[in-house]
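Everything on this sheet refers to the single structure shown next.
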Amino acid sequence: MSESTEMRRPASQVPPHELPASLREAGLGNWIREPLDDAVDQRRRIIMPPAAAVMGTPASAYQGALLAEARHPDTVFMMGDDPALPVMPERPTLKDFFELRFSKIARTHLLQSAKVARENGLDEKVIIACLLHDVAIAGLLSANHGYWGAQMVGPYVDDEIAWAIQKHEALRYFPDESVGYSYPQAYIDYFGPGYRPPEYIRREAEAARRHRWYMTSRLVTINDIYSFDPNAVVDYSEFEDLVGRHFRQPREGLGFDGSPVAHMWRTMIWPHNFL
Ligand SMILES: [Fe+2]
Ligand SMILES: [Fe+2]
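The sequence shown maps to residues 7 to 281 in the numbering used here.
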C-alpha cells in the first residue's frame, strides 16, 4: 500500500495487528481513527466514548484498554478538529450547525416541522420553536432533549420560545383532543403500548397546561413530524430570514460568546475532545 493510500484509509478501518484483540472483539475499532488527511500531525487518534453513550453497555468496560492504547508513541487522544468531521468556521452560526454538524435525519425533521408550522399559518415564534425543538437530539443528547435544547438556545431567543421547547418534552406524551393533538402512533411503536411517562413528566405537563404560553408549546407538539422521512427536501435557506428575526446570533460565534451555554455549542464543534 503506498503511503498516500495509507493516508486515505477510511476512518473506521484500523490495521488489525495494531489493535489489541480485546478492543477488536468489543467493536471499538470505530473509536480509533487513522490519520486521514490530518495536517496537524500524522498520529492515530483515539476517541474515548462519552460516559452517557456507553454506560451500562459492554463498551464501558474498555476504557482501560483505550487508555493503554493511547500510550503507543504513534497514538494520541482526539483533541480539537476531528478530521472525519467538516471543519467549522471560526465564528459558527446556527446555519453552520445545521449544515455541518446535525445528522441528516434530524436536520430534515426540524426543517419539516418548521415548514408545516409555516404552512399552517402559525406565528413566527411557533415556527422558530419548531425549527429548534430537537436541536439537542440533532447535535448533543437525546435523553431530556427538551431541557437541553431549551438551555442551548435560551440566551439567543425570547423566553417564550425556549419555554415552548423545554415543555414539548412533557406535553408530547399527553393528548389534548380539544386542540387536535392525539398521542402519537410513533410513540406506541417506539415505547410499546403500555408506556407510562414518569411522574415528574406528568407534573411538568400538568403545570405547562396551566401556563399562559401553553399553546406555543402545544403547537410545537402538533407540528412535530412523527414520521421521519429522510428523503424529504427542505432547505435551511427557507428559514434564514426567520432565524435572523428571532435568533440573536452572537458576534463571536456560537460557542465563543462566553454565555452560560457556550460550552454546549463547543461540544458540538469538537464532540470528541478527550477532556
Ligand atoms: Fe422532541
Ligand atoms: Fe420532534
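We put the beta carbon where it would ideally sit given N, CA and C, even for glycine.
field: Separation of E183 from P256, as counted between CA atoms
entry: 40 Å
message: Quick check: does the Cβ of D88 come within less than 6 Å of any heavy atom belonging to ligand 1?
response: no
task: Using alpha carbons as the reference points, say which of I167, M221, V159 and A168 lies closest to P181.
output: M221
query: Would the beta-carbon of D241 be found less than 6 Å away from any heavy atom of ligand 2?
result: no
message: Let me check understanding here. Comparing Cα to Cα, which of A27, H78 and E31 lies closest to R50?
response: H78
query: Quick one: what's got a C-beta closer than 6 Å to Y232's C-beta in the same chain, skipping five residues either side?
result: P190 and A192
message: Going by beta-carbon coordinates alone, are Y179 and P203 separated by less than 7 Å?
response: yes
message: So, at 7 Å on beta carbons, what are the nonlocal neighbours of D263 in its own chain, with the 5 sequence-adjacent residues on each side left out?
response: P256
query: Among the residues of its own chain, which have a CB less than 6 Å from the CB of F104, if the five just before and after it don't count?
result: R113 and Y242
- prompt: How is H81 classed by DSSP in three states: helix, strand or coil?
  reply: Here the sequence assigns Thr to residue 81, which means His is not the residue at that position. Reduced to three states, the DSSP call for T81 is strand.
field: Under the three-state DSSP convention, the category R216 falls into
entry: coil
- request: Report, in whole angstroms, the separation of the C-beta atoms of Y196 and R224, which I expect to be a contact under 8 Å.
  value: Wrong, their Cβ atoms sit about 21 Å apart, outside the cutoff.
field: Outcome for D165 when other beta-carbon atoms lying within 10 angstroms are tallied against a minimum of 16
entry: exposed
- request: Round the Cβ separation of A6 and V226 to the nearest angstrom and send it over; I've been treating them as touching at under 8 Å.
  value: The requested residue 6 is not part of the displayed model; the chain covers only 7 to 281.
message: I need the straight-line Cα distance from P266 to A58, nearest angstrom please.
response: 21 Å
query: Using the beta-carbon count (16 or more within 10 Å), is G200 buried or exposed?
result: exposed
query: By the 10 Å Cβ neighbour count, where 16 or more other Cβ atoms means buried, how is V185 classified, buried or exposed?
result: exposed
message: Please classify D129 as buried or exposed, where buried requires at least 16 neighbouring CB atoms within 10 angstroms.
response: exposed
- prompt: Cβ of D164 within 6 Å of any heavy atom in ligand 2?
  reply: no
query: Does the Cβ of D140 lie closer than 6 Å to at least one heavy atom of ligand 1?
result: yes
task: Report the three-state DSSP secondary structure of R97 (helix, strand or coil).
output: coil
task: Identify whether I231 lies in helix, strand or coil by the three-state DSSP scheme.
output: coil
- request: Along the alpha helix (DSSP H) that carries R30, what are the first and last residues, could you check?
  value: A27 to E31
task: Assuming A144 contacts C136 (C-beta within less than 8 Å), just tell me the rounded distance between them.
output: The pair is not a contact, with the Cβ atoms about 13 Å apart (cut-off 8 Å).
task: With hydrogens ignored, establish whether the beta-carbon of N237 is closer than 6 Å to any heavy atom of ligand 3.
output: With respect to small molecules bound, the structure shown includes ligand 1 and ligand 2 and not ligand 3.
- prompt: If you draw a straight line from the C-alpha of A120 to the C-alpha of S66, how long is it?
  reply: 38 Å
message: Quick check: is any heavy atom of ligand 2 less than 6 Å from the C-beta of D230?
response: yes
- prompt: Do you know how far the Cα of N126 is from the Cα of I275?
  reply: 34 Å
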